[in-house]
Amino acid sequence: MADTPPTEPVQPVDPDRPCLHTVFAATVTVARVEPDDTGMPKAFVAEVVVQCAPPPEGCAEPFRFSGAPAGLNYRHPTVSVDEKTLHAPMRPASADPDFGMGLPGFAIRQVS
Ligand SMILES: [Zn+2]
Numbered sequence: 003m004a005d006t007p008p009t010e011p012v013q014p015v016d017p018d019r020p021c022l023h024t025v026f027a028a029t030v031t032v033a034r035v036e037p038d039d040t041g042m043p044k045a046f047v048a049e050v051v052v053q054c055a056p057p058p059e060g061c062a063e064p065f066r067f068s069g070a071p072a073g074l075n076y077r078h079p080t081v082s083v084d085e086k087t088l089h090a091p092m093r094p095a096s097a098d099p100d101f102g103m104g105l106p107g108f109a110i111r112q113v114s
């Protein structure tokens with residue numbers, strides 16, 4: 003008989019208590035922006051989405067990213083309008099620091 007590793011009991015979600023958000027589900031999608039004739043992209047952007055784990059481990063509440071402006075910019079991280087997707091520009095470790103910086107982006111500002 004084979005040994006099986008012990009498993010931790012799953013804590014059921016109690017609807018009368020707030021979720022403590024201790025387990026997460028995250029996705030990272032890497033976008034290759036405007037590849038040229040050689041197939042080399044002009045930029046790379048990591049798009050990150052995080053939520054509390056789905057039941058029974060968590061409550062599946064989406065998380066919002068703080069501190070980054072809304073829009074898309076290849077010089078610094080930005081967020082989607084609902085702040086649930088982080089757009090983080092990145093480059094291969096061997097690329098120059100200005101890799102992807104010449105591409106246009108956009109900003110979203112709240113006006114009153
Ligand atoms: Zn939760």
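Taking our numbering, the leading residue of the sequence shown gets 3, the next gets one more, and so forth.
For glycine and all other residues, C-beta sits at the position ideal for the given N, C-alpha and C.
Coarse secondary structure for T40, derived from DSSP in three states: As a first step, residue 40 is located in the sequence shown; it is residue number 38 there, counting from the start. Three-state result, T40: coil.
Any non-hydrogen atom of ligand 1 within 6 Å of E63 CB: Here residue 63 is taken as the residue at index 61 of the sequence shown, counted from 1. Checking the Cβ of E63 against ligand 1 gives yes.
V30 beta carbon less than 7 Å from that of A55: Taking the first residue of the sequence shown as 1, we reach residue 55 at position 53. Taking the first residue of the sequence shown as 1, we reach residue 30 at position 28. Remark: C-beta atoms of A55 and V30 do not approach each other more closely than 7 Å.
P79 beta carbon near ligand 3 (any heavy atom closer than 6 Å): Ligands present in the displayed structure are limited to ligand 1, and ligand 3 is not among them.
Three-way DSSP call (helix, strand, coil) for T87 in this model: Residue numbering aside, residue 87 sits at position 85 when the sequence shown is read from its first letter. Of the three classes helix, strand and coil, the one that applies to T87 here is coil, per DSSP.
Pick from D38, C61, K44, G41 that is closest to D18, judged by C-alpha positions: Locating residue 18 in the sequence shown gives position 16, counting from the first residue. Out of D38, C61, K44, G41, C61 has the C-alpha closest to the C-alpha of D18.
Anticipated Cβ contact below 8 Å, H89 with V35, distance rounded: Translated into positions along the sequence shown, residue 89 becomes position 87. Translated into positions along the sequence shown, residue 35 becomes position 33. The distance from the Cβ of H89 to that of V35 is about 11 Å, inconsistent with a contact at the 8 Å cut-off.
Where L74 sits in the DSSP three-state scheme: Numbered from its first residue, the sequence shown carries residue 74 at position 72. Strand, per DSSP.
Residue of P43, T40, L74, P37 minimising C-alpha distance to E49: One-based indexing of the sequence shown puts residue 49 at position 47. Considering only P43, T40, L74, P37, the residue with the shortest C-alpha distance to E49 is L74.
P106 to H78 span [Cα, whole Å]: Within the sequence shown, residue 106 is the residue found at index 104, counting from 1. Within the sequence shown, residue 78 is the residue found at index 76, counting from 1. Within the model, the alpha-carbon separation for P106 versus H78 is close to 12 Å.
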